[in-house]
Amino acid sequence: MSEKEWAETLKRLREEHKETVARSQALLKEQQAKRKAIRKALEEGPRTVPEVADLTGFASHDVMWYVMAMKKFGLIEELEMDGEYYRYQLTQEKAK
Amino acid sequence: MVQEKIRVDTLVVGGGIAGMQSALDLADQGYQVALVERDPSIGGKMIQLSKVFPTLDCCSCITTPKMSAVAHHENIQLFTYCEIQAIEENDQGFVSNALQKPRYVDVDTCTGCRQCEYACPIDVPHPFDRYLGAHRAAYVPFSTAVPQKALIDMENCILCGKCQRGCPANSIDFTQKEQPFEIESRAIILATGFEITPPDAKKEYGAGQFHNVVDALVMERLLAPTGPYGHVLRPSDGKEPDSIAYVQCAGSRDKTLGVEYCSRVCCMYAIKQAMLISGALPLADITIYYMDIRTFGKGYDQFYQTAQAMGIEFVKGKVARINEDENQNPVVRVEMIDEGSKVVERMHDMVVLSVGMLPCYDPQPIFGVRSAEDGFVLTPSINMAPCVTEHPGIFVSGTAAGPMDIVDSIVLAGAASAEAAAYLEANDGNRRSVKSTTNAARVTAHA
């Protein structure tokens, strides 16, 4: 399939799946904002989940989910424990 | 439109451990089998578990070879992400109408490299990790999935095309549609498995609203090396727990839930998890609140005794309520039966509910097979033929028949395949379907 045919197929499908696409786009927007805030909280150094929650104002269970998702996809890495909590930092490559 | 028709000796519905074992047992005897699984990978609940009792074998290590054996067996045709929608009976047996759901990925060219997943921008709570981890809208179900092929979760997809641009094999195909096909078989084995007690079932235990009150399948994922956190941590804030409690019979032997039976696995999995947590968190205090401890299988009671010797605290008492303090610590209100039945409140970092096994599939509408009062598939001669349903030619395997552990599921799976084989031979022993290199078992009819 050519690039043009692909673009047309996607356009047609976006129209067909209008409702789910709109819902997913809203979800993506929210996720991007939260990931950005979490990245910002980690820019100055490694933090625990409750520290990130304090800095961002997000619920700590929400931060936990995002941090674990970002860790899975290589955006965040885990460091040693600080008391009862692991500390997390931006993956060095991504932070540069 | 091309409609494919497949002819086999036996259709197995469900690709968990019981369905896989039944399929393998029949296929090893030379029977042709079609295995249909509704999820995008086979493996069922067992592949989600960390280790098995009482041997503490790594679950993935013993399940993955079976999954692989199913996928590569020359007598098994595997259909994942596929559902049976209706069956008809004729003098040859059964004709099942199956529906192949679209993966939006060409499985013939996809290599499972996950580049599409890395390219996709949307995170979705992952059911395999009990929603504590994430997958992307384009994803491979899990690291040992069979088949190791990607799919697109269209419910969460924005159709941005990034997966297509990221795919080195050009495998993304958004034009795929649902594909109906027919499976002709002379026997059917139902291996549709079970569900666990839903998180909101017990209002007095927080109704699923407390992040640090989790079900036992969540703890399995936390203990698994491939789990969502990589460690046992609290979902509320990532704290390493110092004190973990188990609440037994949280969904079984409970008239308020309409589940009067014992689920038969909860005592053993709680003891197993307690032992595994002891290994992962040697300083943690672990308490099991129980009504009765039921360890009836081979080597099971020794397992219980080992756990006691390891210092795991067993407290006889029924937990009446779980509240949460301001730090999201669960507070358990329990009657301590061995201490004069006094009622105490004890705080823990996490509580694990030993949830029960519930039926998850009613085969009556499609297969004409009734369920018993407990909701599991009815087997009229439970003592003499525990895998024979009231419908000739339809058998039941594993937890579709009732709560049981992995050992018993495998035993029943073998029994179901033996019953199916006997049925096939008795009804027409000379007409085994033969799968040849010319694909004689596959008949393609142009509709």
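Chains U and X, in that order, give the protein sequences. Under the working numbering, the residues of the first sequence are numbered 1 to 96, in order. Under the working numbering, the residues of the second sequence are numbered 1001 to 1447, in order. Beta carbons: idealized from backbone N, C-alpha and C, even for Gly.
Original post:
Closer than 8 Å, Cβ to any Cβ of chain U: which residues of the segment 1121-1139 of chain X, in chain order?
Top reply: Within the segment 1121-1139 of chain X, the residues whose Cβ lies closer than 8 Å to some Cβ of chain U are Pro1121, Ile1122, Asp1123, Pro1125, Leu1132, Gly1133, Ala1134, Arg1136, Ala1137, listed in chain order.
Subject >> Collapsed DSSP secondary structure at Ser24/U in the structure displayed >> reply: If DSSP states are grouped into helix, strand and coil, Ser24/U belongs with the helices.
Original post:
Using 8 Å as the threshold, is the segment 1295-1313 of chain X in touch with the segment 1247-1259 of chain X, meaning 3 or more CB pairs across them?
Top reply: No, they do not touch.
**OP:** Mind checking which residues open and close the alpha helix (DSSP H) that includes Ala1413/X?
**Re:** 1406-1428 is the extent of the alpha helix (DSSP H) around Ala1413/X.
Original post:
Helix, strand or coil for Cys1267/X per DSSP?
Top reply: In the structure shown, Cys1267/X sits in a helix (DSSP, three-state: H, G or I).
Subject >> Closest by C-alpha distance to Tyr1300/X, when choosing among Val1332/X, Gly1311/X, Lys1316/X, Ala1270/X >> reply: Among Val1332/X, Gly1311/X, Lys1316/X, Ala1270/X, the Cα nearest to that of Tyr1300/X belongs to Ala1270/X.
**OP:** Closer than 8 Å by beta-carbon distance: list the chain X residues that pair up with Leu28/U, in chain order.
**Re:** Chain-order list of chain X residues neighbouring Leu28/U: Pro1121, Ile1122, Ile1158, by C-beta distance under 8 Å.
Subject >> Contact set for Gln1100/X: own chain, Cβ-Cβ below 6 Å, skip 5 residues either direction >> reply: The residues are Cys1082, Gln1179.
Original post:
Counting along the chain, where does the alpha helix (DSSP H) carrying Ala1216/X start and finish?
Top reply: Looking at the DSSP string, the run of the alpha helix (DSSP H) that includes Ala1216/X is 1216-1223.
Original post:
Would a check of beta-carbon distances place Gly1238/X closer than 9 Å to chain U?
Top reply: Chain U has a Cβ within less than 9 Å of the Cβ of Gly1238/X.
**OP:** Taking C-beta pairs closer than 7 Å, name the residues in chain U that Glu1155/X reaches, listed in chain order.
**Re:** Within 7 Å Cβ-Cβ: Thr20.
Subject >> N- and C-terminal bounds of the beta strand (DSSP E) containing Ile76/U >> reply: Run containing Ile76/U: 76-82, per the beta strand (DSSP E) assignment.
Original post:
Considering only residues of the segment 1096-1164 of chain X, which uninterrupted beta strand (DSSP E) runs meet the minimum length of 3 residues and lie entirely inside it, listed in chain order?
Top reply: Complete beta strand (DSSP E) runs here, min 3: 1123-1125, 1134-1136.
Original post:
What's the gap between the Cα of Ala1201/X and the Cα of Ala1216/X?
Top reply: Separation of Ala1201/X and Ala1216/X (C-alpha to C-alpha, rounded to the nearest whole angstrom) is 14 Å.
Original post:
At least one CB of chain U closer than 9 Å to the CB of Asp1106/X: is that the case?
Top reply: Asp1106/X has a beta carbon lying at 9 Å or more from every beta carbon in chain U.
Original post:
Name the DSSP bridge partner or partners of Ser1171/X?
Top reply: Its beta-bridge partners do not exist; DSSP assigns none.
Subject >> Selection of the segment 78-91 of chain U by Cβ proximity to chain X, strictly under 8 Å >> reply: Contacts with chain X (Cβ-Cβ distance below 8 Å) from the segment 78-91 of chain U involve Glu78, Met81, Glu84, Tyr85, Tyr86, listed in chain order.
Original post:
Going along the chain, which residues of its own chain have a beta-carbon closer than 6 Å to the beta-carbon of Ser1171/X, five neighbours each way excluded?
Top reply: In the same chain as Ser1171/X, and ignoring 5 residues on each side of it, the C-beta atoms closer than 6 Å to its own belong to Val1105, Asp1106, Thr1109, Cys1110, in chain order.
**OP:** Tell me whether Asn1090/X is buried or exposed, calling it buried when 16 or more other Cβ atoms sit within 10 Å of its Cβ.
**Re:** So Asn1090/X ends up on the exposed side.
Original post:
Taking the C-alpha atoms as reference points, what is the distance between Ala7/U and Met70/U?
Top reply: Cα to Cα, the separation comes out at about 29 Å.
Original post:
Which term fits Asn1156/X, buried or exposed, when burial requires 16 or more other beta carbons within 10 angstroms of its beta carbon?
Top reply: Result: buried.
Original post:
For Ser1022/X versus Pro1147/X, is the C-beta distance shorter than 9 Å?
Top reply: No.
Original post:
On the three-state DSSP scale, how would you describe Ser1354/X?
Top reply: Coil at Ser1354/X, not helix or strand.
**OP:** Could you tell me which uninterrupted alpha helix (DSSP H) segments, each at least 4 residues in length, are contained entirely in the segment 1044-1094 of chain X, listed from first to last along the chain?
**Re:** Fully enclosed alpha helix (DSSP H) runs of 4 or longer: 1059-1072.
Subject >> Close Cβ partners of Val1218/X (< 8 Å) along its chain, the five nearest in sequence each way excluded >> reply: Same-chain partners within the cutoff: Arg1130, Leu1132, Pro1235, Val1352.
Original post:
DSSP state of Pro1330/X, grouped into three classes?
Top reply: Strand at Pro1330/X.
**OP:** List the residues of chain U whose Cβ lies closer than 7 Å to the Cβ of His1073/X, in chain order.
**Re:** Ordered by position in chain U, no residue passes the 7 Å Cβ test against His1073/X, which lies about 33 Å from the chain.
Original post:
If you draw a straight line from the alpha carbon of Gly1016/X to that of Glu1037/X, how long is it in whole angstroms?
Top reply: Linking Gly1016/X to Glu1037/X through their CA atoms gives a straight-line distance of about 8 Å.
Original post:
Is the segment 1358-1371 of chain X touching the segment 1224-1231 of chain X in the sense that three or more CB pairs, one from each, lie closer than 8 Å?
Top reply: No, the segment 1224-1231 of chain X is not in contact with the segment 1358-1371 of chain X.
Original post:
Got a sec, what are the start and stop residues for the beta strand (DSSP E) Phe1314/X sits in?
Top reply: Taken as a continuous stretch (DSSP letters only), the beta strand (DSSP E) holding Phe1314/X covers 1313-1316.
Subject >> Pair within 9 Å by beta-carbon distance, His1348/X and Thr1295/X >> reply: No, the Cβ-Cβ distance between His1348/X and Thr1295/X is not below 9 Å.
Original post:
So, using beta-carbon positions, are Cys1387/X and Ala1416/X closer together than 9 Å?
Top reply: Yes, the Cβ-Cβ distance between Cys1387/X and Ala1416/X is below 9 Å.
**OP:** At 7 Å on the CB atoms, spell out the chain U contacts of Gln1164/X, in chain order.
**Re:** Simply Trp6.
Original post:
Which chain U residues sit within Cβ distance under 7 Å of His1211/X?
Top reply: Result: His61.
Original post:
Does DSSP classify Gln1273/X as helix, strand or coil?
Top reply: In this structure, DSSP gives Gln1273/X a helical state, which the three-state scheme calls helix.
Original post:
By how many angstroms is the C-alpha of Val1140/X removed from the C-alpha of Leu1233/X?
Top reply: Whole-angstrom Cα-Cα distance: 25 Å.
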